[in-house]
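Have a look at the structure below before the remarks.
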Amino acid sequence: ARTSRNDNSSRFGKYLEVFFKSGAIIGAKITQYLLEKSRIVTQAPGERNYHVFYELLGGLSEAERTKYGLLEADKYFYLNQGASDCSPGRVDWISLQGAMQVLGVSESEREGIVNVLASVLHLGNIYFHRRQLRHGQEGVEIGSEAEIKWAAHLLQIPSEGILRSLTSRITETRSERLYTPLSIDQALDARDALAKALYSGLFNWFVAYFLIVLLHSVWNSKIKWNPLFDVLAKYCLR
Numbered sequence: 001a002r003t004s005r006n007d008n009s010s011r012f013g014k015y016l017e018v019f020f021k022s023g024a025i026i027g028a029k030i031t032q033y034l035l036e037k038s039r040i041v042t043q044a045p046g047e048r049n050y051h052v053f054y055e056l057l058g059g060l061s062e063a064e065r066t067k068y069g070l071l072e073a074d075k076y077f078y079l080n081q082g083a084s085d086c087s088p089g090r091v092d093w094i095s096l097q098g099a100m101q102v103l104g105v106s107e108s109e110r111e112g113i114v115n116v117l118a119s120v121l122h123l124g125n126i127y128f129h130r131r132q133l134r135h136g137q138e139g140v141e142i143g144s145e146a147e148i149k150w151a152a153h154l155l156q157i158p159s160e161g162i163l164r165s166l167t168s169r170i171t172e173t174r175s176e177r178l179y180t181p182l183s184i185d186q187a188l189d190a191r192d193a194l195a196k197a198l199y200s201g202l203f204n205w206f207v208a209y210f211l212i213v214l215l216h217s218v219w220n221s222k223i224k225w226n227p228l229f230d231v232l233a234k235y236c237l238r
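With the first letter of the sequence shown counted as 1, position 140 gets the number 140 in the UniProt record's numbering; the numbers rise by one all the way through.
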């Protein structure tokens with residue numbers, strides 16, 4: 001991500017264990033925490049979201065962007081709030097794809113990664129209109145149905161489920177399920193919470209996948225280890 005003082009800030013903390021055998025590194029283990037989830041949905045003036053979104057939009061071909069329903073970076077609310085440079089990163093996207101291939105990420109898994117990233121961008125462009133309900137209650141209605149359909153298509157879930165989760169709160173009892181309408185502020189919070197959950201879930205999957213690769217030579221070995229800390233990397237340049 002880009003911050004006001006660092007063009008390439010990781011925005012998460014990590015604890016790294018390096019494993020040695022006969023004086024040589026044979027593997028490593030990473031524990032991550034403190035991912036800055038708020039950056040996924042909002043950025044301060046002059047700052048940017050995580051690089052991967054800009055790389056995605058710059059790296060996909062025109063046909064691929066059509067396939068995922070994607071436009072230019074400055075058309076997405078989650079990318080244009082900081083009024084910072086939204087220039088694409090085609091070269092970085094190609095490098096990222098190459099790195100994932102080296103690590104053994106399959107074509108179907110890479111497809112799933114793009115689906116999740118694209119769905120986050122579509123979710124950010126969902127907006128709502130206030131709707132007056134019975135008994136003086138205020139509710140909302142979706143003002144961007146196309147974005148709902150794209151997100152549902154990419155995530156392979158029913159669009160009705162996304163629509164319901166963004167416009168009402170569900171309370172379940174033993175005998176019934178109650179739907180309480182959300183206000184417009186609550187609906188926006190629900191939208192952002194879903195986007196943050198998707199991105200952080202993808203991030204956690206990445207870390208777990210890389211962990212398996214890093215520990216491939218370490219399983220059941222009697223080895224020495226050396227911990228390295230990078231807890232303050234997220235904040236030291238703020």
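Just so you know, even glycine gets a beta-carbon here, dropped at the ideal spot from N, CA and C.
Gly46 and Gly82 - do their beta-carbons sit closer together than 8 Å? yes
Note down, in chain order, each residue of its chain lying with its Cβ closer than 7 Å to the Cβ of Met100, except the 5 sequence neighbours on either side. Arg110
Whole-angstrom Cβ separation of Glu147 and Asn125, contact assumed at under 8 Å? 5 Å
Please report the distance separating the alpha-carbon of Ser214 from that of Gly112. Checking the sequence shown, residue 214 turns out to be Leu, not Ser. For Leu214 and Gly112, the distance between alpha carbons rounds to 22 Å.
Does the count of Cβ pairs from the stretch 158-178 and the stretch 196-203 closer than 8 Å reach three? no
Measure the beta-carbon distance from Thr167 to Leu154 and round it to whole angstroms, keeping in mind my assumption that it falls under 8 Å. Contact flag wrong, Cβ pair sits at about 20 Å.
Anyone know if the C-beta pair for Val91 and Tyr209 falls short of 8 Å? no
In whole angstroms, give me the CA-to-CA distance for Leu123 and Arg174. 32 Å
Return the Cβ separation of Ala118 and Leu70 in integer angstroms, given the expectation that the two are a contact with Cβ distance under 8 Å. 6 Å
Would you mind listing the alpha helix (DSSP H) stretches within the stretch 129-156 that are 4+ residues and don't spill past its ends, in chain order? 145-155
When you compare the CB positions of Ile142 and Leu121, do they come within less than 8 Å of one another, or not? no
Spatial distance of Leu79 from Asn49 (CA atoms): 6 Å
If you reduce the DSSP assignment to three classes, tell me which class Ser22 lands in. coil
I believe Gly12 touches Gln32 by the beta-carbon criterion, under 8 Å. Please report the beta-carbon distance rounded to the nearest angstrom. As written in the sequence, residue 12 is Phe, which differs from the Gly given in the question. Going by Cβ atoms, the distance from Phe12 to Gln32 rounds to 6 Å, so yes, they are a contact pair.
Measure the C-alpha to C-alpha separation of Arg238 and Thr3 and round it to an integer number of angstroms. Confidence at Arg238 is low in this model, with a pLDDT of 40, below 50, so the placement of that residue is unreliable and no value is reported for it.
Please state the DSSP three-state secondary structure of Tyr179. strand
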